[in-house]
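Just so you know, the protein sequences line up as chains A and B, in that order. For the first sequence, the residue numbers in this note's numbering are 1 to 262. For the second sequence, the residue numbers in this note's numbering are 1001 to 1110. In this text, a Cβ means the ideal position worked out from N, Cα and C, and glycines have one as well. What you are looking at is a predicted structure, and each value in this text was computed from that prediction instead of being measured.
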Amino acid sequence: MLLDIIIIVLRETLEAGVLISILLSISAQRNIGVLWLVLAFTLGVVGAVVYAENLGSISGWFEFVGQEVVNAFLQYAIYCSLVFICILRRKNSSTNYLNLKLLMGVAVSLIIVREGAELFVFYSSFIQGGENWIKAATSGFIGLLIGASVGALCFYSLITASANIARIVQQAILSLVAGGMVLQATQLLMQADWLTSSIPIWDSSWLLSESSVIGQLAYAIFGYEATPSLLELCAYLIAVFIITIASLIPRNTYSHNMKPLR
Amino acid sequence: MKFIYNLLIILPLIIASYVAQADTPIVNIVIRDHLFYPSELEIPAHTKIKLVVKNEDSTPEEFESYELNREKIILGNKQAIIFIGPLKPGEYPFFGEFNILTAQGKLIAK
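Next comes the structure, spelled out in structure tokens:
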């Protein structure tokens, strides 16, 4: 049971951990502080609690598919934030830095709302069920620490890399995470029957199962899906294409005084 | 003009989607004492189904399946609707993520 709880918490924190570490490394590169992260994290936690507390009524919306629709909206909103972050992170000016902080804050808050609400509901089951929630909390804390460690590893790898390599890796991971967001949102809308489902175009679970540790890591980082439908694949590819193009928009206010990474 | 042309193409698809939804077979599953009842269900292959999951426990559960690409939280004493398929013939395991040791089941598409 303890291992199951660790895995559940790890799954929910891994994607957020990776995304936050990338955004934090962008923030460190531009020397724009961490206050935005503290505020975004706090707002995200409050939002997660509010969302979880109202999940019962939200689930009843749109003929009992409200949960899918709201979660898909959150995922698409995170994707949009990431696209604009990719555009703004190439431009150095105080206005752009303010917008960058705002967008990074929105992305972090929304991903915490999305993942945190599930954890809140999960832990509420222990409290309601009268089970040993201290044991559950301890196991969850271990899962949280592993997720945070992966994020920390990612962050320190990026800030110790050369500026060019860091920029390429940041963009690559942001694009893949963003693609994964759109894929998950598309899946949710198919689950709600708002988009048409179809038979998967391939099954790569024999090569990498989604339930394996590596499969879960791949799912968290680049939205790995063993049995994608054509619509899911198209949504993923289009999302990655758009965010990659957005990152290539010419910079018109580039400053050569940008703080280099170590 | 192009907009009207596109609308003429999309509109029948939307209407067809709603008509198809009305004909979607409904399959019921109950969660009780952290178990699925029935734990095995036969469903028609190549057909979209509407899965109605009723959680009779007081605690929440998360219906999840890697094979079906489905994931949904169902609060205690609530029910949820999950659209599944169309599926190729085969077995599709699902589980309750919050009680993974006991809450196990599978859909068999034939």
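* To do: Mind the definition here: the region 176 to 189 of chain A touches the region 69 to 77 of chain A only if three or more C-beta pairs lie below 8 Å; say whether that holds.
  => yes
* What do you get for Pro1025 of chain B, buried or exposed, if any count of 16 or more other CB atoms within 10 angstroms of its CB means buried? -> exposed
* Asked: Which class does Ala161 of chain A belong to by DSSP, given the choice of helix, strand or coil?
  -> coil
* Asked: So which residues on chain C does Pro1086 of chain B lean against when the C-beta distance must stay under 9 Å?
  -> Among the protein chains in the structure shown, which are A and B, there is no chain C.
* Asked: Would you say Gly1105 of chain B reaches chain A, if we count a Cβ-Cβ gap shorter than 8 Å as a contact?
  -> no
* Under 8 Å Cβ-Cβ, which residues of chain B neighbour Ile192 of chain A? -> This sequence places Ala at residue 192 of chain A; Ile is not what is there. By Cβ distance, chain B contributes Phe1083.
* **Contact between the region 192 to 209 of chain A and the region 151 to 161 of chain A (3+ Cβ pairs under 8 Å)** => no
* Of the listed residues B:Lys1088, B:Ile1100, B:Asp1023, nearest to Ile1108 of chain B (C-alpha basis) -> When C-alpha distances from Ile1108 of chain B are compared across B:Lys1088, B:Ile1100, B:Asp1023, the shortest belongs to B:Lys1088.
* Comparing the C-beta of Gln67 of chain A with each C-beta of chain B, is any distance below 8 Å? -> yes
* Asked: Is there at least one Cβ from chain B nearer than 8 Å to Glu15 of chain A's Cβ?
  -> no
* Just curious, the beta strand (DSSP E) that Phe1094 of chain B is in, first and last residue? -> Taken as a continuous stretch (DSSP letters only), the beta strand (DSSP E) holding Phe1094 of chain B covers 1090 to 1096.
* To do: Take every Cβ of the region 133 to 151 of chain A, pair it with every Cβ of the region 75 to 87 of chain A, and state whether three or more of those distances are shorter than 8 Å.
  => In short, these stretches do not touch, since the Cβ pair count stays below three.
* Give me the Cβ distance between Asn1036 of chain B and Ala1103 of chain B, rounded to the nearest whole Å; I'm assuming they're in contact under 8 Å. => The amino acid at residue 1036 of chain B is misidentified as Asn; the sequence shows Phe. The Cβ separation is near 6 Å, so the contact holds.
* is_contact[Tyr1092 of chain B, chain A] using C-beta, thresh 8 Å -> no
* Nearest neighbour of Cys234 of chain A, chosen from A:Gly180, A:Ile214, A:Tyr51, A:Val65 [CA to CA] -> Looking only at A:Gly180, A:Ile214, A:Tyr51, A:Val65, the smallest Cα-Cα distance to Cys234 of chain A is reached by A:Gly180.
* Selection from A:Gln216, A:Trp133, A:Val108 that minimises the alpha carbon distance to Leu10 of chain A -> A:Gln216
* Please classify Ser25 of chain A: is it buried, with 16 or more other beta-carbons within 10 angstroms of its beta-carbon, or exposed? => buried
* Which residue's Cα is closest to the Cα of Gly1105 of chain B: B:Asn1099, B:Asp1033, B:Lys1048, B:Pro1093? -> Taking only the C-alpha atoms, the option nearest Gly1105 of chain B is B:Pro1093.
* Provide the residue(s) that pair with Ile20 of chain A in DSSP beta bridges, ordered along the chain. => Beta-bridge partners of Ile20 of chain A (DSSP): none assigned.
* For the beta strand (DSSP E) that contains Asn1028 of chain B, what are its first and last residues? -> 1026 to 1032
* **Interface flag, Arg1032 of chain B vs chain A, CB-CB below 8 Å** => no
* **Residue environment, Arg1032 of chain B, which counts as buried when at least 16 other CB atoms sit within 10 Å** => Exposed: under 16 other Cβ atoms inside 10 Å.
* To do: Out of A:Ala172, A:Gly56, A:Ile58, point me to the one whose CA is closest to Ile243 of chain A's CA.
  => Closest option to Ile243 of chain A, Cα to Cα, is A:Ala172.
* Test item: CB-CB of Ile112 of chain A and Ala52 of chain A under 8 Å -> no
* **Proximity below 8 Å, CB of Ile32 of chain A to CB of Tyr76 of chain A** => The criterion of a C-beta distance shorter than 8 Å is not satisfied by Ile32 of chain A and Tyr76 of chain A.
* Asked: For Lys91 of chain A, which of helix, strand or coil comes out of DSSP?
  -> coil
* Asked: Where Tyr236 of chain A and Val108 of chain A are concerned, what is the direct C-alpha to C-alpha distance, given to the nearest angstrom?
  -> 21 Å
* **DSSP three-state assignment for Asn99 of chain A, whether helix, strand or coil** => Helix.
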